[in-house]
Amino acid sequence: MLTDRGAEFDYREWVVRVEVTGAGEAFSGRADLRRKGQHKCRLVLSTSRLDAGAARLALSTKARDFIDDWMSRNETGQSQFSDL
1279 MLTDRGAEFD YREWVVRVEV TGAGEAFSGR ADLRRKGQHK CRLVLSTSRL
1329 DAGAARLALS TKARDFIDDW MSRNETGQSQ FSDL
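Count along the sequence shown from 1, then add 1278; that gives the number in the working numbering.
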């Protein structure tokens, strides 16, 4: 079984760490997203991929899409949400 814990990249002031696990033709994984030193989100694949590279690409794309959506939101004013 493969466990790849080494993929990390910066994107728009966020740090994204991608971890892929699996064997044969079933690879899954997660991406942990941090902003300003704080963990904000964990994304996972909803279905497995046929190889580790495809899983890594899917998670990286999902993380960038999430960050782009987050950054497009207005952050002024008070919210009812607490920090994670």
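Ideal Cβ placement from N, Cα and C applies to all residues, glycine included.
Owing to the predicted nature of the structure, the values given are computational and were not obtained by experimental measurement.
Query                                                                                                                                                                                                : Result
Nearest to GLY1307 by alpha carbon, out of ASP1329, TYR1289, ASP1288, GLN1316?                                                                                                                       : ASP1329
Is VAL1322 buried or exposed, if buried means 16 or more other CB atoms sit within 10 Å of its CB?                                                                                                   : exposed
Could you tell me which uninterrupted beta strand (DSSP E) segments, each at least 3 residues in length, are contained entirely in the segment 1299-1362, listed from first to last along the chain? : 1304-1313, 1316-1322
Can you grab the Cα-Cα spacing for the pair SER1350 / LYS1314, in whole Å?                                                                                                                           : 17 Å
Please state whether DSSP places ALA1295 in a helix, a strand or coil.                                                                                                                               : A quick correction: the sequence has Arg, not Ala, at residue 1295. Here ARG1295 sits in strand by DSSP.
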